[in-house]
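Numbering (the numbering used here), first residue to last: 299 to 520.
Just so it is clear, CB atoms sit at the ideal spot from N, CA and C, and this is done for glycine as well.
As the structure is a computational prediction, the values presented were derived from the model and not from experiment.
See below for the structure under consideration.
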């Protein structure tokens, strides 16, 4: 969603992230006319499903299945979402149009993801490629950011005189191993490298936020 706010220039999302607000609660408040304070968890859960579902091109049928609600209600949610955030609808349509014209989309770093079947005569294949192109620009950018962090991490840890080793990448997470005596010194280095990974190639208009935790194992860290 932070990448979406940056690439699509969505004022409401950018301001919410700049303020450190709960974006799903903000969306729920906008969508369902309920105050953020004391918001029921179910209302926030629905807004979260809508936030992520729409940027991945979810249909009313898909959202209905996900939330266990009638398709008409899901369609009304999507319609209202685009009315509240017209910039997101414009971004989605512009991305599909670009992909149809050029056969690819680009991450914010210029990496191209090609969709040679986006002009297919088969409507299902065409629709799949359109949804994928919307998703790819956002998730592709997120993937680029985590890879840039991985490239710069070893040098940053060495400069800080730390012995931590990077073990695994799990989607947008990086997992490290270090001695207990260096945990408190390692956490801010890892956080800084990850939050500044787009620089100097791209200056993000939305701040990246990294949650860094330490535990005896990966399960306990969650």
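Per-residue DSSP class, three states only, for residue i
i	result
residue 474	strand
residue 463	strand
residue 356	coil
residue 299	coil
residue 336	coil
residue 307	coil
residue 515	coil
residue 502	coil
residue 368	coil
residue 483	helix
residue 494	coil
Alpha-carbon to alpha-carbon, residue j and residue i
i	j	result
residue 430	residue 513	36 Å
residue 473	residue 516	8 Å
residue 349	residue 413	24 Å
residue 302	residue 394	15 Å
residue 375	residue 304	24 Å
residue 444	residue 436	13 Å
Buried versus exposed call for residue i [16 or more other C-beta atoms within 10 Å across all chains shown]
i	result
residue 496	buried
residue 520	exposed
Beta strand (DSSP E) segments (min. 3 residues) lying fully within the region 391-469: 402-404, 410-412, 463-468
Between the region 412-419 and the region 392-399, do at least 3 Cβ pairs fall closer than 8 Å? As far as the Cβ criterion goes, the region 412-419 touches the region 392-399, which means the pair count is three or higher.
Does the contact criterion of 3 or more C-beta pairs under 8 Å hold for the region 419-428 versus the region 445-465? no
Tell me, please, whether the region 339-353 touches the region 308-324 by the rule of three or more beta-carbon pairs shorter than 8 Å. yes
Specify whether the region 371-385 and the region 400-409 touch according to this definition: at least 3 beta carbon pairs, one from each stretch, less than 8 Å apart. no
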